[in-house]
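Residue numbers (this note's numbering), protein chains in the order written: chain A, 2 to 193; chain B, 26 to 109. Cβ coordinates follow ideal geometry from the N, Cα and C atoms, glycine included. A quick note: this is a predicted structure, and the numbers were derived from the prediction, not measured.
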Amino acid sequence: MTATLVHGDHVSCSRLGGSMRRESSRLRQHAHSLEDALGELAAWKGAEAGDSRLSIEASLRVLRATADVLDEAGAALQRYATDLAEGHELGRRAELRVQRAGLLLDGTRVIEPWGPASAIGSERRRGLVPEVQARVDLATAHVGRARGRLGREMTRLTQALSRPPLLAPAGQVEPLPHSELGRTGCAHPARL
Amino acid sequence: MPAAHSVDPTWLDVVATQLTRSRTAALEASHELLAHYSDTGDAPTQRSVDTLINHAAEALGALTDSLADASRALQEAARPDHGA
Numbered sequence: 002m003t004a005t006l007v008h009g010d011h012v013s014c015s016r017l018g019g020s021m022r023r024e025s026s027r028l029r030q031h032a033h034s035l036e037d038a039l040g041e042l043a044a045w046k047g048a049e050a051g052d053s054r055l056s057i058e059a060s061l062r063v064l065r066a067t068a069d070v071l072d073e074a075g076a077a078l079q080r081y082a083t084d085l086a087e088g089h090e091l092g093r094r095a096e097l098r099v100q101r102a103g104l105l106l107d108g109t110r111v112i113e114p115w116g117p118a119s120a121i122g123s124e125r126r127r128g129l130v131p132e133v134q135a136r137v138d139l140a141t142a143h144v145g146r147a148r149g150r151l152g153r154e155m156t157r158l159t160q161a162l163s164r165p166p167l168l169a170p171a172g173q174v175e176p177l178p179h180s181e182l183g184r185t186g187c188a189h190p191a192r193l
Numbered sequence: 026m027p028a029a030h031s032v033d034p035t036w037l038d039v040v041a042t043q044l045t046r047s048r049t050a051a052l053e054a055s056h057e058l059l060a061h062y063s064d065t066g067d068a069p070t071q072r073s074v075d076t077l078i079n080h081a082a083e084a085l086g087a088l089t090d091s092l093a094d095a096s097r098a099l100q101e102a103a104r105p106d107h108g109a
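Next comes the structure, spelled out in structure tokens:
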């Protein structure tokens, strides 16, 4: 019954979101360890040292930026999973109301059943349509807003992933500020 | 090129090892992302999620390659006969 009005599986969305955030956390730990290790090479001089350091710093920035994207995407998916679960419950209640009112659902539209009926019964059902339709609309609008939010967030983060990161000067591997993620994103260091 | 080795080569190995570990983590994260299936219940929303996942997996794959290259370069530089 829950699948009629509101489609989707909130458990699978929550699992994916959780997995993204776990991987993000692991990648951040690796970025931190790598940065610590890199600090030990400060005394390493020469052209080769400079090239290597630049390459590693670029990778570090991509590592951090990707971890940030995964964390944000995972959080967005977990929020969506909660909204979807609420939508399922609202949908379930709305469908129950439709059934009890003796009405039918045509997609998301509440309609009166076709066929012979007493004038009183028909009048009674017709009078219930606006209220029952409002319940259905509440469920679909709730999920619609949640999908809009998730879609916009995924698009923004995908764009962030597609943009080349700023290349930090050698020896200055600063954490990528959260607010700059949209501007810097991440890409293969080789493309820099 | 011993002059360029004003750092203990052991540290080059340490960083190379850390790069290799990070590479493995990036590769595993890429696989993990692609291993999950989510059902958002709406085709356009699903596409936006799938696109993000594919881009993230691609970015991690590219990162895997660059970390491997950097690790190899450091291992090479750490060799006693390097630049001889």
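Taking residue i as the query, report the chain B residues whose CB atoms sit under 7 Å from its CB, ordered along the chain.
{"i": "A118 of chain A", "result": "The contacting residues do not exist; A118 of chain A stays about 34 Å from chain B at best."}
{"i": "G108 of chain A", "result": "Those do not exist, as G108 of chain A stays about 14 Å from chain B at its closest Cβ, beyond 7 Å."}
{"i": "A140 of chain A", "result": "Correct list: empty, because the minimum Cβ distance to chain B is about 12 Å."}
{"i": "S20 of chain A", "result": "E57 and H61"}
Taking Cβ-Cβ distances shorter than 7 Å, what residues in chain A pair up with residue i?
{"i": "Q43 of chain B", "result": "S34, L35 and A38"}
{"i": "H46 of chain B", "result": "Looking at the sequence provided, one finds Arg at residue 46 of chain B rather than His. Per Cβ cutoff of 7 Å: H31."}
Return the residue from the list the options that minimises the CA-CA distance to residue i.
{"i": "Y62 of chain B", "options": "A:E36, A:S13, A:G47 and A:S34", "result": "A:S13"}
{"i": "E132 of chain A", "options": "A:L151, A:I112, A:A120 and A:P117", "result": "A:I112"}
{"i": "L42 of chain A", "options": "B:L58, B:D106, B:R72 and B:Q43", "result": "B:Q43"}
{"i": "M155 of chain A", "options": "A:D72, A:L39 and A:E58", "result": "A:D72"}
{"i": "T49 of chain B", "options": "B:D106, B:H107, B:P105 and B:L92", "result": "B:L92"}
{"i": "E101 of chain B", "options": "A:E49, A:S26, A:L35 and A:S34", "result": "A:E49"}
{"i": "R126 of chain A", "options": "A:W45, A:L105 and A:L151", "result": "A:L105"}
{"i": "G92 of chain A", "options": "A:E24, A:R23, A:A38 and A:A140", "result": "A:A140"}
{"i": "S34 of chain A", "options": "B:D64, B:E53, B:S47 and B:A51", "result": "B:S47"}
{"i": "A68 of chain B", "options": "A:R94, A:L158, A:G152 and A:G103", "result": "A:G152"}
{"i": "G66 of chain B", "options": "A:V70, A:Q30 and A:G145", "result": "A:G145"}
{"i": "R65 of chain A", "options": "A:R27, A:K46 and A:A118", "result": "A:R27"}
Would you decide whether residue i is buried or exposed? Buried here means 16 or more other CB atoms lie within 10 Å of its CB.
{"i": "V40 of chain B", "result": "buried"}
{"i": "W115 of chain A", "result": "exposed"}
{"i": "H56 of chain B", "result": "exposed"}
{"i": "L97 of chain A", "result": "exposed"}
{"i": "I121 of chain A", "result": "exposed"}
{"i": "T67 of chain A", "result": "buried"}
{"i": "V7 of chain A", "result": "buried"}
{"i": "L59 of chain B", "result": "exposed"}
{"i": "P170 of chain A", "result": "Because P170 of chain A sits at a pLDDT of 42, beneath the cut-off of 50, its placement in the model cannot be relied upon, and the following sentence gives the value as read from the coordinates. Counting Cβ neighbours within 10 Å, P170 of chain A comes out exposed, since fewer than 16 surround it."}
Assuming the contact rule is C-beta atoms closer than 8 Å, residue i and residue j should be a hit. Round their C-beta distance to whole Å, please.
{"i": "L88 of chain B", "j": "L37 of chain B", "result": "Between L37 of chain B and L88 of chain B the Cβ distance is about 21 Å, and since that is not below 8 Å, they are no contact."}
{"i": "A82 of chain A", "j": "H11 of chain A", "result": "4 Å"}
{"i": "S163 of chain A", "j": "H80 of chain B", "result": "6 Å"}
{"i": "T35 of chain B", "j": "R148 of chain A", "result": "T35 of chain B to R148 of chain A, Cβ: 54 Å. No contact."}
{"i": "V137 of chain A", "j": "A95 of chain A", "result": "5 Å"}
At 9 Å on the CB atoms, spell out the chain A contacts of residue i, in chain order.
{"i": "D38 of chain B", "result": "Per Cβ cutoff of 9 Å: no residues; D38 of chain B is ~10 Å from chain A at best."}
What does residue i reach in chain B if we use C-beta pairs closer than 8 Å?
{"i": "L151 of chain A", "result": "T65, T70, S73 and V74"}
{"i": "G128 of chain A", "result": "Within 8 Å Cβ-Cβ: nothing; G128 of chain A doesn't reach chain B, min ~32 Å."}
Taking only beta-carbon positions, decide if residue i is within less than 8 Å of chain C.
{"i": "L59 of chain B", "result": "Looking at the structure shown, chain C is missing, and the protein chains on hand are A and B."}
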